[in-house]
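All remarks here apply to the structure that follows.
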Amino acid sequence: MPKPARHETARINHAEEISQDSLTELRQEICDILEESLTTCEISAWFDWYAPSCRVKWDDDFLERVERKMRETGRLSDSGWSAVLTATEDHETEASNTFKYMADIAAGVAEEAMEINSEVGPTAIIKPTPDNVGSISEVDAFKFKPDIRAVLPFPNERLDPRFIRCSGRICKQKNTPEYKEGERLSSINTSDTVVVGAVKKGGEAADVRDNELELCGGATELLYNDPCRRFVNGFTIEGSFMRVWRFERSHACVSSDFNFHKEPRLFILFLLYLTFSPHMDLGFDPTVVRYTARVPKEGIQNADPKNPSHYEIVISYRYQVQDKYYLTIGHPISESSAWSIASRSTRVWLVREIFFGKDGEFEEGKETFILKDAYPYDDAVLEKDIKDNIIQQLSKLDKQQTPPTNYAKKAEAYFMTYVYDELVKLPDENESMWSLDDLTTYTPVTEPICFTPVEKVDSLASVEDGDVIVFVARESQRSSTCPESQRQAIRDAQKPNPKVARQQKELNYHRRKHVRTIHKEVCQSIYELPDWHTLIRCLIDIIEGLNLLRLAGWVHRDISGGNCLWHMDGERGKIADLEYAMPYDRSGEHVDELMTGTPEFMAAEYQDREYFHNVEVADQSELEEVPFTFNFYHDLEPIFWIYAWSLFYRPPSQCFVDIGIPMPVIEQLKRSAKKWFDCSIGGNNSRLVTIQGARRAGMTSSLRGVYTPETSCSVLLGGLEVVKPLSTAYRDLEGTPLQLITDQHTRWRPAQFSEVPYREMQNKLRHVLDALNDHELDVYVRPLSDKNTHPRDAIDDGHKDDDGPLAEKRAKIQVHAQVSQ
92 MPKPARHETA
102 RINHAEEISQ
112 DSLTELRQEI
122 CDILEESLTT
132 CEISAWFDWY
142 APSCRVKWDD
152 DFLERVERKM
162 RETGRLSDSG
172 WSAVLTATED
182 HETEASNTFK
192 YMADIAAGVA
202 EEAMEINSEV
212 GPTAIIKPTP
222 DNVGSISEVD
232 AFKFKPDIRA
242 VLPFPNERLD
252 PRFIRCSGRI
262 CKQKNTPEYK
272 EGERLSSINT
282 SDTVVVGAVK
292 KGGEAADVRD
302 NELELCGGAT
312 ELLYNDPCRR
322 FVNGFTIEGS
332 FMRVWRFERS
342 HACVSSDFNF
352 HKEPRLFILF
362 LLYLTFSPHM
372 DLGFDPTVVR
382 YTARVPKEGI
392 QNADPKNPSH
402 YEIVISYRYQ
412 VQDKYYLTIG
422 HPISESSAWS
432 IASRSTRVWL
442 VREIFFGKDG
452 EFEEGKETFI
462 LKDAYPYDDA
472 VLEKDIKDNI
482 IQQLSKLDKQ
492 QTPPTNYAKK
502 AEAYFMTYVY
512 DELVKLPDEN
522 ESMWSLDDLT
532 TYTPVTEPIC
542 FTPVEKVDSL
552 ASVEDGDVIV
562 FVARESQRSS
572 TCPESQRQAI
582 RDAQKPNPKV
592 ARQQKELNYH
602 RRKHVRTIHK
612 EVCQSIYELP
622 DWHTLIRCLI
632 DIIEGLNLLR
642 LAGWVHRDIS
652 GGNCLWHMDG
662 ERGKIADLEY
672 AMPYDRSGEH
682 VDELMTGTPE
692 FMAAEYQDRE
702 YFHNVEVADQ
712 SELEEVPFTF
722 NFYHDLEPIF
732 WIYAWSLFYR
742 PPSQCFVDIG
752 IPMPVIEQLK
762 RSAKKWFDCS
772 IGGNNSRLVT
782 IQGARRAGMT
792 SSLRGVYTPE
802 TSCSVLLGGL
812 EVVKPLSTAY
822 RDLEGTPLQL
832 ITDQHTRWRP
842 AQFSEVPYRE
852 MQNKLRHVLD
862 ALNDHELDVY
872 VRPLSDKNTH
882 PRDAIDDGHK
892 DDDGPLAEKR
902 AKIQVHAQVS
912 Q
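Going left to right, the sequence shown walks through residues 92 to 912 as our numbering numbers them.
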């Protein structure tokens, strides 16, 4: 394996430490999003559906024998778990120290289990977390410290045998095996963490809420950090009450609470599940393997193998697709949606196929591919099938034309080539056949639930507050409150009102499937293009592809800078990410159809959910409200927004180097951009006015201070003229009657859409391209926006002031979650 180039260096980042207030704020936002997909079930049902092998491996007789042994050894008494109860009574003992005895209980349970069945061996170790350590992640992440966690007994990785062996992904290691092992198990290496737990000695609503925030934050970091993980388990304890959690890409499910002192067998069963389950049953993906290698640092010519400071750890991942294996190169091209637990969780990588030899050694192929790993809904059509259908429709159209056309053949050049696009397969129980579809858990017994709402007032009661029941408690009364009645009040507070429950239930039960795609072409997104010539050529080609999509009768519904790609080898713009595409005649079928897209690039009237002009429905003059339907022009409009966004956030270097434009002008450019691009999925009035009235003057005046005639950069402002044919097309279309399909579904016939705006927009961009021929506007400055920013921020640097408050920085997390479904 050659040493990676600097820009290809694999995922190595240090966890970020922030203030406790900021961390709580972030976790609150995570929970606000996750609550839409939060469910609950009885504890027995949790084991039946999320850990079904438990009931087979450890029946009541087995649990009874383990419980008896716990009593014989003094770990368990009639009152409960002895060491935990003793520590609980000591008011000076912190919660983490109170529940550290869970590790000893787990060790005793494991010892007796292996005594009963000598064929089993532990696959995880339950440990308390030391006070002075934080999490160590492979990605830029906040440090977190679960109170209790289970870890793998050995590093979750395979080491490249061609490099010096190393342990874990910890940067500062002493060069002795004993120290490495001790350091690995005493730190929170997120890649080796199996389960996280949050514990509190008290049982008040505030304690329950704090545990929920901590656990959901930790689960988010674990899933985002680790491509080898399919789901994450967790648990929370407040006083004597325990709940177990499952975080999957479709939902999160928390069990009903139980008293783990009074119901020790349930607690023992959970410990057995964590300690002895196969890694796949604990959430790890057997089709993804982590590889680490120690390579010389950049600039070191003759690295000394005995000097750790000369080396760095490089991490790669091996993905399996059918009987092929692909190794990742460098950082993910995209992984921001993996930040949201219940989402598509898409990761995109540059990969090479690898070929195995003897003793696990492998050779890398020379050809590079693009690999995409995602979790669409289980009824979503695969992208390859969508593309095939588009080509089939164009083939039919070709045969109908006189003379015959070649639309189908032409379209192949404007869309990605799919080498593989299929469901990930998992091994069966005997691991003899890889035949099981990787789907999130089917949960027919779950119900919606809310996170615990907390409010302090002067009395202890359950009171109605709008749409939810809020548990309220006076600090002075908490200690005297009956634990069971207090817990019941919390349970009542967690119940959503019937209306909210009905709205959530459909999404709660929508499973997701695990899909892996290999693309032949390695492309650059709009954000990565090095010069304006290429950007404009790319957009011209994308318009051509969109016109072919229109002719095929399909809408894309997610055109953005991230899926408008440039294939360097073929010098062609290509449309990617067809997962949201659908036949136009199905668009608008459902009133509550999920909005898709990136807010900065979405069509303005689609964001507003109201047409620009007064529209009529044929033969339905008395229809009070016209249902809105996504159409072909809504795919075309993002071209204007991508171009405008690039003017604000990707100005050519000549704009700055040649005449030395001062920083205040750059800052003003960033502030001006907010008028159009600092928006949620609902858009804003500036966007509506710009498109409806073809009023680009506001944009032009904001840009003139940078795009000056002296630098020849002003010719780029002419590209904003594409808004004119677009605005005209909307006006002409909306002056014709809609067709009523059902009471809740209207649309224009495909024949009512014209090719004219596509051609006119292309011509205006070609005019700008011709004007650039005499000017070498080839190099961008350092981008004013980082589209690869950490998804917890979910907002471009160019969309905020550098010194803005944390809340503003994270303002679009909710939007991100909505559009990444």
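Every residue gets a Cβ at the ideal spot worked out from N, C-alpha and C, and that includes glycine.
{"Item": "Which of the three DSSP states is assigned to Pro882 in this structure?", "Value": "Unreliable placement is indicated for Pro882, whose pLDDT of 43 sits below 50; no coordinate value is reported for it."}
{"Item": "Based on the DSSP output, what are the partners of Gln664 in its beta bridges?", "Value": "Gln is not the amino acid found at residue 664; the sequence shown has Gly there. In the DSSP output, where bridge partners are listed per residue, Gly664 has Trp657."}
{"Item": "Would Asn316 and Thr284 qualify as a contact pair, given that the criterion is a beta-carbon distance under 7 angstroms?", "Value": "no"}
{"Item": "Cβ of Ala694 within 7 angstroms of Cβ of His725?", "Value": "yes"}
{"Item": "Are Ala289 and Asp238 touching if we call contact CB-CB under 7 angstroms?", "Value": "yes"}
{"Item": "Taking Phe721 as part of the alpha helix (DSSP H), name the residues at either end of that continuous run.", "Value": "That residue, Phe721, is in no alpha helix (DSSP H); it is neither H nor E in DSSP."}
{"Item": "Can you grab the Cα-Cα spacing for the pair Asp865 / Asp622, in whole Å?", "Value": "14 angstroms"}
{"Item": "Please list the terminal residues of the continuous alpha helix (DSSP H) segment that includes Gln577.", "Value": "574 to 584"}
{"Item": "Excluding five sequence neighbours on each side, which residues of the same chain lie with their C-beta closer than 6 angstroms to the C-beta of Asn879?", "Value": "Unreliable placement is indicated for Asn879, whose pLDDT of 46 sits below 50; no coordinate value is reported for it."}
{"Item": "Could you give the residue range of the alpha helix (DSSP H) that holds Val299?", "Value": "296 to 316"}
{"Item": "Suppose you measure from the CA of Phe447 to the CA of Lys236; what does that come to, to the nearest Å?", "Value": "39 angstroms"}
{"Item": "Spatial neighbours of Val323 within its chain, please: C-beta separation below 7 angstroms, excluding the five flanking residues on both sides.", "Value": "Ala310, Leu313, Leu314, Phe338, Gly374"}
{"Item": "Using DSSP's beta-bridge definition, name the partner residues of Arg762.", "Value": "Its beta-bridge partners do not exist; DSSP assigns none."}
{"Item": "DSSP three-state label for Gly288, please.", "Value": "strand"}
{"Item": "So, with DSSP's three-state summary, where would you put Arg438?", "Value": "strand"}
{"Item": "Could you check how far apart the C-beta atoms of Lys855 and Glu812 are, in whole angstroms? I think they sit under 8 angstroms.", "Value": "5 angstroms"}
{"Item": "Just to confirm before moving on: does the CB-CB distance between Gly810 and Val859 stay below 7 angstroms?", "Value": "yes"}
{"Item": "When burial is assigned at 16 or more other CB atoms within 10 Å of the CB, is Met790 buried or exposed?", "Value": "buried"}
{"Item": "Looking only at its own chain, which residues have a Cβ that is under 7 angstroms from the Cβ of Ile730, when we skip the five neighbours before and after it?", "Value": "Leu630, Ile633, Ile634, Val813, Met852"}
{"Item": "Taking the continuous beta strand (DSSP E) assigned at Thr608, which residues delimit it?", "Value": "606 to 610"}
{"Item": "Within 10 angstroms of its Cβ, does Arg340 collect 16 or more other Cβ (buried), or is it exposed?", "Value": "buried"}
{"Item": "Excluding the five sequence neighbours on either side, which residues of its own chain have a C-beta within less than 6 angstroms of the C-beta of Glu203, listed in chain order?", "Value": "Val157, Lys160"}
{"Item": "Applying the criterion that 16 or more other CB atoms from any shown protein chain within 10 Å of the CB defines a buried residue, is Glu555 buried or exposed?", "Value": "For Glu555, the predicted model reports a pLDDT of 41, less than 50, meaning its position is unreliable and no value from the coordinates is stated."}
{"Item": "Going by CA-CA distance only, name the one from Ala471, Glu452, Asn480, Ser845 that's closest to Thr819.", "Value": "Ser845"}
{"Item": "List the endpoints of the continuous beta strand (DSSP E) containing Gly325.", "Value": "323 to 329"}
{"Item": "Are there 16 or more other CB atoms within 10 angstroms of the CB of Lys457, so buried, or fewer, so exposed?", "Value": "exposed"}
{"Item": "Out of Arg435, Thr459, Glu452, which has the shortest C-alpha to C-alpha gap to Leu530?", "Value": "Arg435"}
{"Item": "Tell me where the alpha helix (DSSP H) around Phe844 begins and ends.", "Value": "Run containing Phe844: none; DSSP gives neither H nor E here."}
{"Item": "In this structure, what does DSSP give as the bridge partners for His836?", "Value": "Thr833"}
{"Item": "Do Ala178 and Val536 have their C-beta atoms within less than 7 angstroms of each other?", "Value": "no"}
{"Item": "Can you name the residues that DSSP bridges to Ala343?", "Value": "Leu129, Phe338"}
{"Item": "Under the rule that 16 or more other beta-carbon atoms within 10 Å means buried, what is Gly784, buried or exposed?", "Value": "exposed"}
{"Item": "Report the residue from Asn705, Asn722, Glu680 whose alpha carbon sits nearest the alpha carbon of Tyr697.", "Value": "Asn722"}
{"Item": "Starting from the C-beta of Arg607, find all residues in its chain whose C-beta is less than 6 angstroms away, skip the five residues before and the five after it, and write them out in chain order.", "Value": "Val412, Asp464, Val515"}
{"Item": "In or out: Gly259 buried (at least 16 other Cβ within 10 Å) or exposed?", "Value": "Any answer about Gly259 is weak, because its pLDDT of 30 lies below 50 and its placement is not dependable; what the coordinates show is given next. Buried."}
{"Item": "Residues in the same chain with beta-carbon distance under 6 angstroms from Ser777, minus the five sequence neighbours each way, listed in chain order, please.", "Value": "Lys766, Trp767"}
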